[in-house]
Amino acid sequence: ELPLLVTEITSETAWSRLQQTLANAYPATHGVTILHCFPDHQPVVYPVLLADLATVAPGQVATPTPGENGALALCVPPLPEGSSFGALQAIVAHLRSPVGCPWDREQTLRSMRHDLLGECVEVMEAIDRELDGSDNGEHIAEELGDLFMAGVLTLQIAIDEGRFHLADAMQSIVTKLIRRHPHVFGATEVDGVAAVWANWDAIKKQEKLAKGQAIGHPLDGIPAALPALEKARELQSKAQKANLLDRAAVAAEFHTQLFAVRDAVEQGTLTEQAMGSLLWTLVAVAERAGINAEDALRSTCVTFRARQSA
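Residues 29 to 338, numbered by my numbering, are exactly what the sequence shown covers, in order.
Spelled out as structure tokens, the structure:
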């Protein structure tokens with residue numbers, strides 16, 4: 029929420045990196061000003077939108093005298109008040125203060141579990157509303173804001189309890205991302221996503237050993253709160269990696285399971301176990317086809333709900 033002045037932009041590489049950095053922090057419609065400064069002349073001023081910076085290169089900016097070199101700078105005005113992550117954290121800290129909101133003050137890490145899960149689900153639902161090809165970006169942004177608020181409130185509770193600070197959480201994830209992407213930030217070479225996942229799993233094991241933690245069962249690490257279809261998909265994926273399951277063989281049982289359920293329905297003997305076995309097999313069938321069963325069912329629910337509201 030403060031103005032920014034970037035000076036001594038002397039190369040195409042620096043210009044390109046600056047554009048990428050600004051694009052992550054400011055909207056494409058944010059107005060900026062290019063300044064071409066010279067020792068003996070007034071600066072040449074070029075007001076442009078951030079989105080248009082990609083069409084401008086340092087060597088393309090005109091000079092008062094042909095062939096004269098100058099220093100290129102970029103002036104970026106501040107975002108509207110309340111547009112930064114810091115502003116959100118300040119608001120949440122105030123809500124938790126003695127003069128803040130009674131509801132926010134009484135929240136605990138445990139009580140925030142429901143809110144965090146609920147906000148995640150609402151973000152997913154907002155994304156699912158784009159199934160018809162429409163742009164629901166404004167609603168997605170709103171729901172992401174609600175999710176950020178729940179996350180920052182959880183963080184503020186930890187800060188108030190003296191457990192950790194924002195810097196601790198940020199350093200943890202930044203360090204982890206760099207460590208787990210040696211093919212991006214190091215010299216490791218990979219030939220596809222499968223190699224990336226193999227490296228990821230190996231690095232996670234190294235991290236546990238470094239912390240003195242035992243390497244657990246290959247199926248450990250799946251959150252208990254996951255929806256059942258997604259939990260089944262995760263279990264199958266981990267089991268496949270550990271050679272504990274052949275997903276193709278599971279999928280091949282689809283017709284057998286389907287006919288067994290059909291017969292049980294006709295005879296009035298359908299059991300929860302038989303239905304669960306069919307769903308387990310359907311998850312494998314979907315994954316073999318490149319479909320996430322949880323996403324597929326959720327999308328169908330969204331479509332049904334939209335049809336009833338039409």
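Beta carbons: idealized from backbone N, C-alpha and C, even for Gly.
Ile-62 bridges to which residues according to DSSP? For the purposes of this step, residue 62 is taken as the residue at position 34 of the sequence shown. Paired residues: Tyr-74, Leu-102.
Note the first and the last residue of the continuous beta strand (DSSP E) segment covering Leu-33. Residue 33 sits at position 5 when you count from the first residue of the sequence shown. From DSSP, the beta strand (DSSP E) with Leu-33 extends over 32-34.
Kindly identify the DSSP beta-bridge partner or partners of His-69. Here residue 69 is taken as the residue at index 41 of the sequence shown, counted from 1. Answer is Phe-66.
Please report the straight-line C-alpha distance between Gly-95 and Leu-77, rounded to a whole angstrom. Position 67 of the sequence shown, counted from the start, is the residue given in the question as residue 95. Position 49 of the sequence shown, counted from the start, is the residue given in the question as residue 77. Model confidence at Gly-95 stands at a pLDDT of 44, short of 50, so the residue's coordinates are unreliable; what they give is reported in the following sentence. Going from the Cα of Gly-95 to the Cα of Leu-77 covers about 27 Å.
Coil, strand or helix - Glu-109 by DSSP: Within the sequence shown, numbered from 1, the residue matching residue 109 stands at position 81. The answer is coil: DSSP assigns Glu-109 none of H, G, I, E or B.
Count the other CB atoms within 10 Å of the CB of His-23; is the residue buried (16 or more) or exposed (fewer)? With the chain running from 29 to 338 in the structure shown, residue 23 is simply not present.
Buried or exposed by the 16-neighbour rule on C-beta atoms within 10 Å, applied to Leu-32: Residue mapping note: residue 32 aligns to position 4 of the sequence shown, counting from 1. The residue in question, Leu-32, is exposed, as its Cβ has fewer than 16 Cβ neighbours within 10 Å.
Hey, how far is the Cα of Gly-304 from the Cα of Gly-240? Taking the sequence shown and counting its residues from 1, one reaches residue 304 at position 276. Taking the sequence shown and counting its residues from 1, one reaches residue 240 at position 212. Going from the Cα of Gly-304 to the Cα of Gly-240 covers about 38 Å.
Among Leu-175, Arg-133, Asn-164, Asp-163, which one has its Cα closest to the Cα of Glu-150? Within the sequence shown, the letter at position 122 stands for residue 150. Looking at the Cα atoms, Leu-175 is the closest of the given residues.
Would you mind giving the Cβ-Cβ distance between Lys-266 and Leu-247, rounded to the nearest angstrom? I have them listed as a contact below 8 Å. Here the question's residue 266 lines up with position 238 in the sequence shown. Here the question's residue 247 lines up with position 219 in the sequence shown. Going by Cβ atoms, the distance from Lys-266 to Leu-247 rounds to 5 Å, so yes, they are a contact pair.
Judging by CA-CA distance, which residue of Val-180, Thr-216, Thr-331, Ala-42 is the nearest neighbour of Ile-119? Taking the sequence shown and counting its residues from 1, one reaches residue 119 at position 91. Residue Val-180 is the option with its Cα nearest to Ile-119.
I need the DSSP call for Pro-255, collapsed to helix, strand or coil. Numbered from its first residue, the sequence shown carries residue 255 at position 227. DSSP places Pro-255 in coil when its eight states are reduced to three.
So Thr-182 packs on Met-140, CB below 8 Å; how close in whole Å? The residue given as residue 182 occupies position 154 in the sequence shown. The residue given as residue 140 occupies position 112 in the sequence shown. 5 Å between Cβ atoms; contact.
Host alpha helix (DSSP H) of Lys-239 (start-end): The residue you call residue 239 lines up with position 211 of the sequence shown. Segment: none, Lys-239 is in no alpha helix (DSSP H) and carries neither H nor E.
Just curious, the alpha helix (DSSP H) that Gln-48 is in, first and last residue? What you label residue 48 is simply residue 20 of the sequence shown in a count that begins at 1. Here the alpha helix (DSSP H) through Gln-48 covers 40-53.
What is the DSSP secondary structure of Ser-162, reduced to helix, strand or coil? Within the sequence shown, the letter at position 134 stands for residue 162. Note: Ser-162 maps to coil in three-state DSSP.
Across the region 271-291 and the region 211-225, are there enough close Cβ pairs to call them in contact, namely three or more that are closer than 8 Å? no
Sub-9 Å separation of Val-289 and Leu-306 beta-carbons: On the sequence shown, residue 289 is found 261 positions in, with the first residue counted as 1. On the sequence shown, residue 306 is found 278 positions in, with the first residue counted as 1. A contact, by the Cβ cut-off of 9 Å.
Which whole runs of the alpha helix (DSSP H) in the region 192-230 are 4 residues long or more, in chain order? 194-207, 210-213
Among residues of its own chain, excluding the 5 on either side of Lys-232, which ones have a beta-carbon nearer than 8 Å to its beta-carbon? By one-based count along the sequence shown, residue 232 stands at place 204. Around Lys-232: Arg-208.
If the criterion is Cβ atoms closer than 9 Å, does the pair Leu-100 and Met-177 meet it? What you label residue 100 is simply residue 72 of the sequence shown in a count that begins at 1. What you label residue 177 is simply residue 149 of the sequence shown in a count that begins at 1. Cβ atoms of Leu-100 and Met-177: not closer than 9 Å.
With a threshold of 9 Å between beta-carbons, can Gly-214 be considered close to chain C, or not? Any reference to chain C falls outside this structure, which holds one protein chain only.
Assuming contact is defined by CB atoms lying nearer than 9 Å, are Gln-268 and Val-311 in contact in what I supplied? Within the sequence shown, numbered from 1, the residue matching residue 268 stands at position 240. Within the sequence shown, numbered from 1, the residue matching residue 311 stands at position 283. Against a cut-off of 9 Å, the Cβ pair of Val-311 and Gln-268 comes out as no contact.
Just to confirm, is the Cβ distance from Ile-250 to Glu-262 under 9 Å? Taking the first residue of the sequence shown as 1, we reach residue 250 at position 222. Taking the first residue of the sequence shown as 1, we reach residue 262 at position 234. Yes, they are a contact pair.
Between Leu-81 and the rest of its own chain, which residues show a CB-CB distance below 6 Å, the 5 nearest in sequence each way excluded? The count along the sequence shown starts at 1 and reaches residue 81 at position 53. These residues qualify, in order along the chain: Gln-47.
I need the straight-line Cα distance from Leu-325 to Ala-252, nearest angstrom please. Translated into the one-based positions of the sequence shown, residue 325 becomes position 297. Translated into the one-based positions of the sequence shown, residue 252 becomes position 224. Their backbone Cα atoms lie some 20 Å apart in a straight line.
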